[in-house]
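Quick note on the working numbering: the sequence shown kicks off at 72 and runs consecutively.
From the three backbone atoms N, C-alpha and C, an ideal C-beta is built for every residue, glycine too.
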Amino acid sequence: MIVNDAAVKELLEKVKPATLVAATKYIDEKQIERLEACGCLYFGENRVQAFLEKYEQYHGKGHWHFIGTLQKNKVKYIIDKVELIHSVNSYHLIDELEKQAKKNNLKVHILLQVNIAKEESKHGFDEEEMDQVMEYLQDCPSLIVDGLMMMAPHIDPEQTRIYFQKTRQLRDQLKQKYPQYPLHELSMGMSEDYEIALEEGATIVRIGRALFKD
Ligand SMILES: *Cc1c(COP(=O)(O)O)cnc(C)c1O
72 MIVNDAAVKE LLEKVKPATL VAATKYIDEK QIERLEACGC LYFGENRVQA
122 FLEKYEQYHG KGHWHFIGTL QKNKVKYIID KVELIHSVNS YHLIDELEKQ
172 AKKNNLKVHI LLQVNIAKEE SKHGFDEEEM DQVMEYLQDC PSLIVDGLMM
222 MAPHIDPEQT RIYFQKTRQL RDQLKQKYPQ YPLHELSMGM SEDYEIALEE
272 GATIVRIGRA LFKD
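Printed below as a string of structure tokens:
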């Protein structure tokens with residue numbers, strides 16, 4: 072796929088002041104440069120191998136986020152290269168992130184992925200589990216919880232509103248309880264449902280297909 076310049080510029084305006092993270096899984100390095108030329112400076116990749124290839128070739132000023140399922144054994148390849156990991160969804164992954172962050176003398180910014188609609192097919196912590204996760208993180212001084220991330224079910228976008236609302240409420244509760252963390256980010260909304268996600272308080276939208284054309 073290739074970048075649809077007009078769509079990128081329009082969306083950048085439309086989502087303000089939220090951050091538009093372009094999902095780069097659909098495009099190659101040349102197209103990432105084109106995104107940058109349109110003013111889009113946040114890129115989200117969801118596979119480690121593809122990320123490393125694009126990251127090596129890219130020499131611009133953009134910021135890289137990791138948005139996909141992250142395997143524990145791959146943490147070491149990306150930890151010093153991405154600014155935010157959206158998809159932290161298990162205790163094993165938290166352990167490995169803390170270990171590698173310490174080893175590299177880094178503070179690592181993360182989002183906790185929440186399976187807010189309790190879908191079998193989706194990764195993420197359960198809502199009810201989040202207090203326990205936050206307590207667990209007290210022993211992980213290298214990890215900074217910037218907020219929550221969720222993926223809405225593939226249903227009519229208007230029906231997803233409740234899940235965005237629930238994610239925001241959860242974030243607000245955690246922010247009250249754990250003031251030591253920023254917890255200012257809500258990464259939610261993709262091509263189909265970003266408008267509703269923004270209405271419900273998304274601070275980061277992760278958008279792919281709506282930015283590109285064949
Ligand atoms: C691909 C992807 C997106 C963007 O999806 P679109 O429906 O193409 O906008 C968002 N988040 C994650 C984790 C993705 O893998």
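With residue i as the anchor, note down where its beta strand (DSSP E) starts and where it stops.
i    : result
V292 : What the structure shows of the chain is the stretch from 72 to 285, and residue 292 is not part of that stretch, so it cannot be assessed.
Residue i and residue j look like a contact to me (Cβ under 8 angstroms); what is the Cβ gap, rounded to whole Å?
i    : j    : result
K96  : A121 : 7 angstroms
L214 : I165 : 7 angstroms
D151 : N175 : 5 angstroms
A78  : A281 : 6 angstroms
R232 : I181 : Incorrect: roughly 26 angstroms between the Cβ atoms, too far for contact.
Y249 : M205 : 5 angstroms
Q171 : V146 : 5 angstroms
L257 : R239 : 6 angstroms
M72  : K237 : So it is not a contact: roughly 32 angstroms between Cβ atoms.
V74  : L106 : 6 angstroms
Q184 : G195 : 4 angstroms
V92  : I275 : 6 angstroms
E200 : L241 : With 8 angstroms as the limit, E200 and L241 do not qualify as a contact, their Cβ atoms being about 11 angstroms apart.
K132 : L112 : 7 angstroms
D217 : L155 : 6 angstroms
F235 : M261 : Incorrect: roughly 12 angstroms between the Cβ atoms, too far for contact.
F137 : H163 : Going by Cβ atoms, the distance from F137 to H163 rounds to 16 angstroms, so no, they are not a contact pair.
A89  : L269 : 6 angstroms
P228 : E263 : 6 angstroms
In the DSSP output, what is residue i paired with across the bridge?
i    : result
A94  : G115
I73  : K284
R277 : V92
What first and last residue would you give for the alpha helix (DSSP H) that runs through residue i?
i    : result
I267 : 265–270
I149 : 146–149
I138 : First-last for I138: undefined, no H or E at that position.
Y207 : 201–208
P101 : The question names Pro, yet the displayed sequence has Lys at residue 101. Taken as a continuous stretch (DSSP letters only), the alpha helix (DSSP H) holding K101 covers 100–108.
Complete alpha helix (DSSP H) runs within the segment 215–263 (minimum length 4 residues, chain order): 232–248
What are the complete beta strand (DSSP E) segments, minimum 3 residues, inside the segment 151–196? 155–159, 179–184, all fully within the segment 151–196.
Does the pairing of the segment 224–241 with the segment 182–197 give three or more beta-carbon distances under 8 angstroms? yes
Give me the pocket residues for ligand 2, defined as CB within less than 5 angstroms of any heavy atom, sorted by chain position. In the structure on display, ligand 2 does not appear, and the ligands it does have are ligand 1.
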